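The next block holds one structure in the form of structure tokens; read it before the comments.
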Amino acid sequence: MSYRVMHYINQFFANIGGEEMAHVEPQLRQGVVGPGMAFAQAWKDEAQIVSTVVCGDSYFAEHEKEAKEAILAWVAEEKPDLFLAGPAFNAGRYGYACATICAAVQDMGIPVLTGMYEENPGADLRTKVLIAATANSAAGMRKAVPTMAKLALKLLRGEKLGASCEDGYLNNGVRVNFFDRERGAKRAVEMLKAKLAGQPFVTEYPMPSFDRVEPSPAIRDLSKATVALCTSGGIVPKGNPDHIESSSASRYGEYNIAGVDRLTSQTYETAHGGYDPVYANQDPNRVLPVDVLREMERTGVIGKLHDYYYATVGNGTAVASAKGFAAEYAQRLLSAGVDAVIMTST
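Everything in the sequence shown is counted per the working numbering, starting at 765 for the first residue and increasing by one.
Here it is as structure tokens:
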């Protein structure tokens, strides 16, 4: 008799639709849906997905209590041997939903497993639930499934997990000892020799990498300065003309506000999917303070508000992508003679 698995996926992987269908309420489907087929093939006959829970990312984010109640009730009825969620890769709301529902199911005494990119906001729960490490996009599905399938079988069989570097899960703060083929002294000498020779090597104790940004010189006279606005809060012209994604943004927008005294709900909105958009849509100046900067311009506090602002969505967006956006439009700001930038969030 094979193990029984319950699978959680979002509206995209259930082939319901993209962001326009993210409001879909939880639904229970029997059998395999979407990426579940790949897991079924990896497990052969040892495990099978008996049912699949589908829930829209926006619905879970905005109705978490109701979503969890519905899903946990189905779990109680199904009594699966394992609850599997995702993989979510770097989709922020999806990752949060996967990790959160896994934590809740785990409290019922059922083993759980999900998978996502290390920068996904849901990865913050790595110390509570087992999270397999994946690439930052669905292009990494072929590599994610074998890793997750293997981990799932270990959980189902009750086998002891190896170290995170062996079994492919995100470091959860628990150290697991294992024996290497070579002694530590020899490995250290080999790394040192490679480093001295300018050859590639991989440290066994990676340190976190933090940017060190030297502060720019203070602006001596703001009354003569040109100030620009930029935001990761997703404020865009109505209709989101550049189709900036609500999470894991792959682009940014450049928008002309010359002659715009304040942003209005009729002409601007937020494309961000990681916070309640109601208040931002009612008054977009709450996220992008054009009204305040115009007042400062009129009263001579600043010399001028730059004619263009730059916007993207920070929700689940990879750090490397965000740095790339900023490096690109920073050159435009420099070319336009901008003296300072105010970057707003959500």
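We put the CB at the ideal spot given by N, CA and C, even for glycine. If you're wondering where the values come from, they're calculated on a predicted model, not measured in any experiment.
List the endpoints of the continuous beta strand (DSSP E) containing residue i.
| i | result |
| --- | --- |
| Met880 | Val876 to Met880 |
| Glu830 | That residue, Glu830, is in no beta strand (DSSP E); its alpha helix (DSSP H) goes Glu828 to Glu842. |
| Phe847 | Leu846 to Ala849 |
| Tyr969 | That residue, Tyr969, is in no beta strand (DSSP E); it is neither H nor E in DSSP. |
| Ala1104 | Ala1104 to Thr1108 |
| Leu792 | Gln791 to Gln794 |
| Ile947 | According to the sequence shown, residue 947 is Arg rather than Ile. Arg947 -> no beta strand (DSSP E), and no H or E assigned at all. |
| His771 | Tyr767 to Ile773 |
Specify, as a first and last residue, the run of the alpha helix (DSSP H) that residue i falls within.
| i | result |
| --- | --- |
| Thr1063 | Taken as a continuous stretch (DSSP letters only), Thr1063 belongs to no alpha helix (DSSP H), as it is neither H nor E. |
| Met801 | Gly800 to Trp807 |
| Gln812 | It is not in any alpha helix (DSSP H) - Gln812 instead sits in the beta strand (DSSP E) that spans Ala811 to Val818. |
| Ala1084 | Val1083 to Ser1099 |
Among the options, which residue has its Cα nearest to the Cα of residue i?
| i | options | result |
| --- | --- | --- |
| Gly850 | Asn884, Ile874 and Phe965 | Asn884 |
| Tyr1039 | Ala1075, Tyr1093 and Thr1110 | Thr1110 |
| Gly904 | Ala804, Met880 and Arg1050 | Met880 |
| Thr1063 | Pro1041, Phe776 and Lys988 | Lys988 |
| Glu1061 | Arg1050, Asp1025, Gly1088 and Asn1079 | Asp1025 |
| Ser901 | Val1065, Asp1055, Arg1050 and Ala1013 | Ala1013 |
| Asp1103 | Gln963, Pro1005, Asp985 and Asn779 | Asp985 |
| Ser716 | Gly937, Pro981, Glu968 and Tyr1073 | A query on residue 716 cannot be resolved here, the shown segment of the chain reaching from 765 to 1110 and no further. |
Mind checking residue i: buried by the 16 CB within 10 Å criterion, or exposed?
| i | result |
| --- | --- |
| Ser1099 | exposed |
| Glu1033 | buried |
| Ser1029 | exposed |
| Ala913 | buried |
| Ala958 | exposed |
| Tyr1093 | buried |
| Thr967 | exposed |
| Thr816 | buried |
| Lys924 | exposed |
For the ligand NAP, I want to know if residue i counts as a neighbour, meaning its beta carbon is within less than 7 angstroms of at least one of the ligand's heavy atoms.
| i | result |
| --- | --- |
| Asn1020 | Ligands displayed in this structure: none; no statement on the ligand NAP is therefore possible. |
Exercise for review: Go through the stretch 867-936 residue by residue and report every complete run of the alpha helix (DSSP H) that reaches 4 residues or more, in order.
Suggested key: 905-921 and 928-931
Review point. Are the stretch 789-800 and the stretch 769-777 in contact at 8 angstroms, needing three or more beta carbon pairs?
Key: yes
Review point. Taking three-plus beta-carbon pairs below 8 angstroms as touching, is the stretch 1014-1022 in contact with the stretch 994-1006?
Key: yes
Practice item. Could I get the ranges of all uninterrupted beta strand (DSSP E) runs contained in the stretch 990-1047, with 3 residues as the minimum, in chain order? Key: 990-995, 999-1001, 1017-1020 and 1032-1034
Check your understanding: Would the stretch 887-898 and the stretch 807-822 be scored as touching if the rule is three or more Cβ pairs under 8 angstroms?
Key -> In this structure the stretch 887-898 does not touch the stretch 807-822; the number of beta carbon pairs closer than 8 angstroms is below three.
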